[in-house]
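If you count the sequence shown from 1, position 224 lands on 224 in the UniProt record's numbering, and the numbers rise without skipping.
Beta carbons: idealized from backbone N, C-alpha and C, even for Gly.
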Amino acid sequence: FSSSDNFHRRVYIYIVILLLASLLVLLSIKMRLALSLILFISSGGGSSLVSSQPFANCDLSSYYSTLQTSPLQTSRDDMHNLIKTTHLHELPYTSSSQRDVWDGLLATDTDITGQLIHLIYGDKDVAATPYDSGSCDSWNREHIWSRSRGVGDSGADNTDLHHMRPADCNVNSVRSNKYFAQCGTVDALSSCTSPAHTEAAVDTQKDTKSFLPPASKRGDVARAILYMDLRYDGDDTNTENLVVSDCPEDVPNGAGMGYLSQLLQWHLDDPPDEGERSRNGEVCANWQGNRNPFVDYPELAATYFGNPSPLPQNGAGYSCSGPTTPPPTNP
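Structure below.
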(Lines of atoms letter the chains of each structure in order from A; the text may use other names.)
(Lines give C-alpha, C1' and ligand atoms only; values in the text may rest on other atoms or scores of the structure.)
Protein backbone atom coordinates (compact mmCIF):
# COMPACT_ATOMS: atom_id res chain seq x y z
CA PHE A 1 0.00 0.00 0.00
CA SER A 2 1.08 3.61 -0.57
CA SER A 3 1.48 6.01 2.32
CA SER A 4 -1.80 7.61 1.29
CA ASP A 5 -3.56 4.24 1.36
CA ASN A 6 -2.12 3.49 4.81
CA PHE A 7 -3.37 6.82 6.11
CA HIS A 8 -6.89 6.21 4.84
CA ARG A 9 -6.81 2.69 6.24
CA ARG A 10 -5.90 4.00 9.70
CA VAL A 11 -8.65 6.60 9.53
CA TYR A 12 -11.14 3.90 8.58
CA ILE A 13 -10.06 1.73 11.52
CA TYR A 14 -10.36 4.66 13.94
CA ILE A 15 -13.86 5.43 12.66
CA VAL A 16 -14.92 1.80 13.10
CA ILE A 17 -13.53 1.76 16.64
CA LEU A 18 -15.40 4.96 17.52
CA LEU A 19 -18.63 3.59 16.08
CA LEU A 20 -18.25 0.36 18.05
CA ALA A 21 -17.53 2.30 21.26
CA SER A 22 -20.61 4.47 20.70
CA LEU A 23 -22.70 1.37 20.10
CA LEU A 24 -21.49 -0.18 23.36
CA VAL A 25 -22.38 2.99 25.28
CA LEU A 26 -25.87 3.01 23.79
CA LEU A 27 -26.35 -0.67 24.63
CA SER A 28 -25.21 -0.02 28.20
CA ILE A 29 -27.71 2.82 28.60
CA LYS A 30 -30.53 0.70 27.20
CA MET A 31 -29.65 -2.18 29.53
CA ARG A 32 -29.71 0.11 32.56
CA LEU A 33 -33.06 1.57 31.52
CA ALA A 34 -34.47 -1.92 31.02
CA LEU A 35 -33.19 -3.01 34.43
CA SER A 36 -34.74 0.05 36.07
CA LEU A 37 -38.06 -0.75 34.41
CA ILE A 38 -37.90 -4.35 35.63
CA LEU A 39 -37.17 -3.20 39.19
CA PHE A 40 -39.97 -0.64 38.97
CA ILE A 41 -42.49 -3.26 37.88
CA SER A 42 -41.30 -5.87 40.40
CA SER A 43 -41.80 -3.39 43.24
CA GLY A 44 -45.51 -3.22 42.45
CA GLY A 45 -45.27 -0.19 40.19
CA GLY A 46 -43.91 2.03 42.93
CA SER A 47 -40.76 4.07 43.11
CA SER A 48 -39.29 2.91 46.39
CA LEU A 49 -36.23 1.59 44.56
CA VAL A 50 -35.46 5.05 43.23
CA SER A 51 -33.50 7.33 45.54
CA SER A 52 -35.85 9.40 47.67
CA GLN A 53 -35.89 13.16 47.86
CA PRO A 54 -34.11 13.98 51.12
CA PHE A 55 -35.39 16.50 53.65
CA ALA A 56 -32.89 18.61 55.54
CA ASN A 57 -32.35 18.73 59.31
CA CYS A 58 -33.74 15.27 60.00
CA ASP A 59 -30.89 13.99 62.14
CA LEU A 60 -31.74 13.93 65.83
CA SER A 61 -29.69 16.95 66.93
CA SER A 62 -30.64 19.22 64.02
CA TYR A 63 -34.37 18.46 64.02
CA TYR A 64 -35.01 19.90 67.49
CA SER A 65 -32.47 22.72 67.25
CA THR A 66 -35.09 25.40 66.48
CA LEU A 67 -36.88 24.87 69.81
CA GLN A 68 -36.42 27.59 72.39
CA THR A 69 -35.75 25.02 75.12
CA SER A 70 -34.45 21.47 75.26
CA PRO A 71 -36.92 18.90 73.84
CA LEU A 72 -37.67 17.49 77.30
CA GLN A 73 -38.65 20.98 78.49
CA THR A 74 -40.67 21.93 75.42
CA SER A 75 -44.38 22.61 75.84
CA ARG A 76 -46.92 20.45 74.08
CA ASP A 77 -48.00 23.36 71.87
CA ASP A 78 -44.45 24.06 70.73
CA MET A 79 -43.76 20.40 70.00
CA HIS A 80 -47.02 20.17 68.06
CA ASN A 81 -46.01 23.18 65.99
CA LEU A 82 -42.62 21.64 65.24
CA ILE A 83 -43.91 18.30 63.97
CA LYS A 84 -46.68 20.04 62.02
CA THR A 85 -44.58 22.69 60.28
CA THR A 86 -41.85 20.20 59.38
CA HIS A 87 -44.39 17.76 57.88
CA LEU A 88 -43.42 18.95 54.41
CA HIS A 89 -44.75 16.22 52.16
CA GLU A 90 -48.13 14.50 52.12
CA LEU A 91 -47.98 11.16 50.32
CA PRO A 92 -50.83 10.03 48.09
CA TYR A 93 -52.46 6.86 49.35
CA THR A 94 -52.23 5.13 45.97
CA SER A 95 -50.66 6.54 42.82
CA SER A 96 -49.34 5.19 39.53
CA SER A 97 -47.34 8.32 38.78
CA GLN A 98 -45.65 9.28 42.05
CA ARG A 99 -44.42 7.78 45.29
CA ASP A 100 -47.27 6.63 47.51
CA VAL A 101 -47.86 4.83 50.81
CA TRP A 102 -47.01 1.44 49.27
CA ASP A 103 -43.60 2.82 48.32
CA GLY A 104 -43.12 4.35 51.74
CA LEU A 105 -43.75 1.07 53.55
CA LEU A 106 -41.51 -0.80 51.12
CA ALA A 107 -38.74 1.59 52.18
CA THR A 108 -39.38 1.83 55.93
CA ASP A 109 -40.36 -1.72 56.86
CA THR A 110 -38.28 -4.02 54.66
CA ASP A 111 -35.06 -5.79 55.57
CA ILE A 112 -31.66 -4.74 54.24
CA THR A 113 -32.18 -6.70 51.02
CA GLY A 114 -35.58 -5.16 50.32
CA GLN A 115 -36.98 -8.63 49.72
CA LEU A 116 -38.75 -9.14 53.08
CA ILE A 117 -41.19 -6.87 54.89
CA HIS A 118 -42.08 -7.00 58.59
CA LEU A 119 -45.74 -7.35 59.57
CA ILE A 120 -46.63 -5.47 62.73
CA TYR A 121 -49.34 -7.77 64.12
CA GLY A 122 -47.77 -10.98 62.86
CA ASP A 123 -44.32 -9.93 64.13
CA LYS A 124 -42.77 -11.81 61.23
CA ASP A 125 -41.19 -11.22 57.84
CA VAL A 126 -42.89 -12.12 54.56
CA ALA A 127 -42.11 -11.48 50.89
CA ALA A 128 -42.29 -7.75 50.22
CA THR A 129 -43.81 -8.24 46.78
CA PRO A 130 -46.38 -8.77 45.57
CA TYR A 131 -48.45 -6.87 48.09
CA ASP A 132 -52.23 -7.15 48.35
CA SER A 133 -54.17 -6.14 45.26
CA GLY A 134 -57.65 -6.70 46.65
CA SER A 135 -57.78 -10.47 47.06
CA CYS A 136 -56.49 -10.35 50.66
CA ASP A 137 -53.79 -12.94 50.00
CA SER A 138 -50.80 -10.87 51.12
CA TRP A 139 -49.98 -7.83 53.25
CA ASN A 140 -51.71 -4.47 53.08
CA ARG A 141 -51.57 -1.03 54.70
CA GLU A 142 -52.67 -0.77 58.32
CA HIS A 143 -53.79 2.53 59.86
CA ILE A 144 -52.79 2.13 63.50
CA TRP A 145 -55.16 5.00 64.26
CA SER A 146 -58.19 3.58 62.49
CA ARG A 147 -59.78 5.42 59.60
CA SER A 148 -63.21 5.21 61.20
CA ARG A 149 -61.92 6.69 64.47
CA GLY A 150 -61.34 10.23 63.19
CA VAL A 151 -58.83 9.62 60.41
CA GLY A 152 -60.43 10.43 57.08
CA ASP A 153 -59.52 9.38 53.57
CA SER A 154 -58.28 12.68 52.16
CA GLY A 155 -56.17 14.42 54.82
CA ALA A 156 -52.52 14.17 55.79
CA ASP A 157 -53.46 11.83 58.64
CA ASN A 158 -54.63 9.19 56.16
CA THR A 159 -51.13 8.69 54.73
CA ASP A 160 -48.89 9.68 57.64
CA LEU A 161 -46.21 6.99 57.69
CA HIS A 162 -45.64 7.42 61.42
CA HIS A 163 -48.85 5.43 61.96
CA MET A 164 -48.91 3.33 58.80
CA ARG A 165 -47.52 -0.22 58.99
CA PRO A 166 -47.62 -3.38 56.89
CA ALA A 167 -50.03 -6.01 58.23
CA ASP A 168 -51.37 -9.33 57.04
CA CYS A 169 -54.61 -8.50 55.25
CA ASN A 170 -56.68 -10.97 57.28
CA VAL A 171 -55.22 -9.86 60.60
CA ASN A 172 -55.83 -6.25 59.60
CA SER A 173 -59.49 -7.14 59.06
CA VAL A 174 -59.68 -8.84 62.46
CA ARG A 175 -58.21 -5.80 64.17
CA SER A 176 -60.69 -3.65 62.20
CA ASN A 177 -61.25 -0.43 64.20
CA LYS A 178 -60.90 -1.98 67.65
CA TYR A 179 -59.22 0.02 70.38
CA PHE A 180 -55.97 -1.26 71.85
CA ALA A 181 -56.08 -3.16 75.15
CA GLN A 182 -55.58 -6.62 76.58
CA CYS A 183 -58.52 -8.93 77.08
CA GLY A 184 -60.48 -8.40 80.27
CA THR A 185 -59.99 -4.64 80.29
CA VAL A 186 -63.28 -3.45 78.80
CA ASP A 187 -64.95 -6.74 77.89
CA ALA A 188 -65.52 -10.07 79.62
CA LEU A 189 -62.65 -12.55 79.41
CA SER A 190 -65.07 -15.11 78.01
CA SER A 191 -65.13 -13.15 74.73
CA CYS A 192 -61.34 -13.31 74.31
CA THR A 193 -59.64 -15.04 71.39
CA SER A 194 -55.88 -15.69 71.47
CA PRO A 195 -54.09 -15.55 69.17
CA ALA A 196 -56.26 -12.98 67.46
CA HIS A 197 -55.94 -14.83 64.12
CA THR A 198 -53.99 -17.79 62.76
CA GLU A 199 -51.69 -15.36 60.92
CA ALA A 200 -51.21 -13.15 63.99
CA ALA A 201 -48.41 -13.53 66.54
CA VAL A 202 -49.10 -16.08 69.29
CA ASP A 203 -49.29 -13.41 72.02
CA THR A 204 -52.01 -11.35 70.31
CA GLN A 205 -55.57 -11.17 71.62
CA LYS A 206 -58.93 -9.77 70.60
CA ASP A 207 -62.39 -9.42 72.06
CA THR A 208 -65.44 -7.51 70.86
CA LYS A 209 -63.95 -4.11 71.74
CA SER A 210 -60.16 -4.35 71.82
CA PHE A 211 -57.08 -5.77 70.16
CA LEU A 212 -53.75 -6.69 71.76
CA PRO A 213 -50.67 -6.44 69.50
CA PRO A 214 -47.63 -8.70 70.02
CA ALA A 215 -45.51 -7.71 73.02
CA SER A 216 -42.57 -6.61 70.88
CA LYS A 217 -44.78 -4.12 68.99
CA ARG A 218 -46.95 -2.72 71.78
CA GLY A 219 -44.61 0.19 72.41
CA ASP A 220 -44.42 0.93 68.69
CA VAL A 221 -48.22 1.03 68.51
CA ALA A 222 -48.40 3.26 71.59
CA ARG A 223 -45.91 5.79 70.25
CA ALA A 224 -47.69 5.92 66.89
CA ILE A 225 -50.97 6.72 68.66
CA LEU A 226 -49.39 9.34 70.93
CA TYR A 227 -47.80 10.98 67.88
CA MET A 228 -51.15 11.16 66.07
CA ASP A 229 -52.80 12.83 69.08
CA LEU A 230 -49.98 15.38 69.25
CA ARG A 231 -49.76 15.97 65.50
CA TYR A 232 -53.44 16.37 64.52
CA ASP A 233 -55.62 18.98 66.20
CA GLY A 234 -58.14 19.49 63.39
CA ASP A 235 -56.42 22.51 61.87
CA ASP A 236 -55.13 20.64 58.81
CA THR A 237 -57.49 20.34 55.86
CA ASN A 238 -59.81 17.33 56.07
CA THR A 239 -58.64 16.27 59.54
CA GLU A 240 -60.20 16.01 63.00
CA ASN A 241 -58.84 16.76 66.45
CA LEU A 242 -57.56 13.28 67.31
CA VAL A 243 -57.65 12.41 71.03
CA VAL A 244 -56.33 9.28 72.71
CA SER A 245 -58.30 8.54 75.87
CA ASP A 246 -59.40 5.93 78.37
CA CYS A 247 -62.92 6.96 77.34
CA PRO A 248 -62.56 7.23 73.55
CA GLU A 249 -66.27 6.98 72.84
CA ASP A 250 -66.74 10.30 74.65
CA VAL A 251 -64.40 12.16 72.27
CA PRO A 252 -66.25 14.57 69.92
CA ASN A 253 -66.77 13.70 66.25
CA GLY A 254 -65.85 10.06 66.79
CA ALA A 255 -62.16 11.01 66.79
CA GLY A 256 -61.12 9.09 69.88
CA MET A 257 -58.67 6.21 70.22
CA GLY A 258 -58.06 4.03 73.25
CA TYR A 259 -57.07 3.03 75.64
CA LEU A 260 -54.65 5.68 76.83
CA SER A 261 -53.59 4.02 80.07
CA GLN A 262 -52.83 0.72 78.33
CA LEU A 263 -50.84 2.54 75.67
CA LEU A 264 -48.84 4.54 78.21
CA GLN A 265 -47.96 1.33 80.04
CA TRP A 266 -46.92 -0.38 76.81
CA HIS A 267 -44.78 2.64 76.00
CA LEU A 268 -42.93 2.03 79.28
CA ASP A 269 -42.73 -1.75 78.95
CA ASP A 270 -41.53 -1.77 75.33
CA PRO A 271 -39.19 1.21 74.83
CA PRO A 272 -37.92 2.24 71.37
CA ASP A 273 -35.35 -0.11 69.86
CA GLU A 274 -32.83 0.56 67.12
CA GLY A 275 -35.23 -0.57 64.40
CA GLU A 276 -37.91 1.89 65.50
CA ARG A 277 -35.40 4.72 65.81
CA SER A 278 -34.03 3.98 62.35
CA ARG A 279 -37.54 3.95 60.89
CA ASN A 280 -38.27 7.30 62.54
CA GLY A 281 -35.25 8.82 60.83
CA GLU A 282 -36.14 7.26 57.46
CA VAL A 283 -39.69 8.64 57.53
CA CYS A 284 -38.33 12.10 58.27
CA ALA A 285 -35.37 12.17 55.91
CA ASN A 286 -36.88 10.58 52.82
CA TRP A 287 -40.64 10.77 53.05
CA GLN A 288 -42.24 13.47 55.23
CA GLY A 289 -39.71 15.77 56.88
CA ASN A 290 -40.91 15.28 60.47
CA ARG A 291 -40.04 12.96 63.35
CA ASN A 292 -42.00 11.23 66.12
CA PRO A 293 -40.74 12.87 69.33
CA PHE A 294 -41.97 10.00 71.52
CA VAL A 295 -39.46 7.72 69.80
CA ASP A 296 -36.67 10.26 70.29
CA TYR A 297 -37.62 11.36 73.82
CA PRO A 298 -39.81 8.71 75.50
CA GLU A 299 -40.08 10.81 78.66
CA LEU A 300 -42.37 13.24 76.84
CA ALA A 301 -45.25 10.75 77.03
CA ALA A 302 -45.68 11.28 80.77
CA THR A 303 -45.17 15.03 80.37
CA TYR A 304 -47.93 15.42 77.79
CA PHE A 305 -50.32 12.61 78.78
CA GLY A 306 -49.77 11.90 82.47
CA ASN A 307 -49.41 8.47 84.05
CA PRO A 308 -51.48 5.36 83.29
CA SER A 309 -54.50 4.55 85.44
CA PRO A 310 -54.68 1.12 87.10
CA LEU A 311 -55.71 -1.73 84.83
CA PRO A 312 -59.45 -2.48 85.16
CA GLN A 313 -60.40 -5.99 86.18
CA ASN A 314 -63.05 -8.37 84.85
CA GLY A 315 -63.97 -6.16 81.92
CA ALA A 316 -65.08 -3.29 84.13
CA GLY A 317 -63.53 -0.62 81.90
CA TYR A 318 -62.16 2.75 82.91
CA SER A 319 -64.04 5.37 84.88
CA CYS A 320 -65.39 7.95 82.45
CA SER A 321 -66.85 10.45 84.87
CA GLY A 322 -63.85 12.78 84.63
CA PRO A 323 -61.83 14.26 81.76
CA THR A 324 -61.34 12.00 78.76
CA THR A 325 -57.57 12.31 79.07
CA PRO A 326 -55.20 13.05 81.97
CA PRO A 327 -54.46 16.79 81.91
CA PRO A 328 -51.11 17.33 80.15
CA THR A 329 -48.40 19.08 82.08
CA ASN A 330 -46.54 21.71 80.09
CA PRO A 331 -43.13 22.56 81.50
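Look up residue i in the DSSP assignment and say whether it is helix, strand or coil.
i, result
"Q115", "coil"
"F211", "strand"
"A188", "coil"
"T204", "coil"
"H89", "coil"
"H163", "helix"
"W139", "strand"
"T193", "strand"
"V221", "helix"
"N238", "coil"
"P312", "coil"
"A127", "strand"
"V244", "strand"
"F180", "strand"
"D270", "coil"
"T198", "coil"
"G150", "coil"
"G275", "helix"
"D250", "helix"
Could you give the distance in angstroms between the alpha-carbon of residue i and the alpha-carbon of residue j?
i, j, result
"T110", "P214", "19 Å"
"R165", "A316", "31 Å"
"T198", "H89", "37 Å"
"T108", "T69", "30 Å"
"Y93", "N158", "8 Å"
"V126", "G275", "17 Å"
"T86", "D187", "40 Å"
"G150", "S65", "32 Å"
"F258", "S194", "Per the sequence shown, residue 258 should be read as Gly rather than Phe. Cα to Cα, the separation comes out at about 20 Å."
"N253", "F180", "19 Å"
"S210", "A196", "10 Å"
"S61", "A301", "20 Å"
"V295", "R277", "6 Å"
"S148", "K178", "10 Å"
"L311", "G281", "33 Å"
"C136", "S176", "14 Å"
"I112", "P71", "31 Å"
With a CB to CB cut of under 6 Å and the five nearest residues on each side skipped, what residues in its chain are close to residue i?
i, result
"C58", "C284, A285"
"P308", "S261, L264, Q265"
"Y63", "N57, R291"
"L212", "Q182, T204, Q205"
"I83", "R231, N290"
"I120", "R165, A167, K217"
"D233", "N241"
Below 7 Å CB to CB, which residues in the same chain sit around residue i once its five sequence neighbours on both sides are set aside?
i, result
"I144", "H163, R165, V221, A224, I225"
"S191", "D207, T208"
"P271", "G219, P298"
"A128", "L106, T110, G114, Q115, L116, I117"
"S138", "P130, Y131, D132, C169"
"D229", "L242, V243, V244"
"L67", "T74, D78, L82"
Could you say which of the options lies nearest to residue i if we only look at CA atoms?
i, options, result
"L264", "G254, S245, C320, N280", "S245"
"D203", "G275, S154, G122", "G122"
"V101", "D132, R141, N177, L212", "R141"
"G104", "P293, R279, C320", "R279"
"L161", "D235, H267, L311, Y227", "Y227"
"D236", "S61, D273, I15, N81", "N81"
"P54", "W287, P293, F294", "W287"
"G155", "D229, L91, V251, P310", "L91"
"S146", "D269, A255, H267, I15", "A255"
In chain order, what residues of the same chain have a beta carbon less than 8 Å from the beta carbon of residue i, not counting five sequence neighbours either side?
i, result
"G152", "N158, N238, T239, E240"
"Q313", "G184"
"A200", "Y121, G122, D168, V171, V174, P214"
"C124", "As written in the sequence, residue 124 is Lys, which differs from the Cys given in the question. Excluding positions up to five away in sequence, the list reads H118, A201."
Based on the DSSP output, what are the partners of residue i in its beta bridges?
i, result
"M228", "DSSP lists no partner for M228."
"T110", "I117"
"D233", "N241"
"D78", "Beta-bridge pairing links D78 to no other residue."
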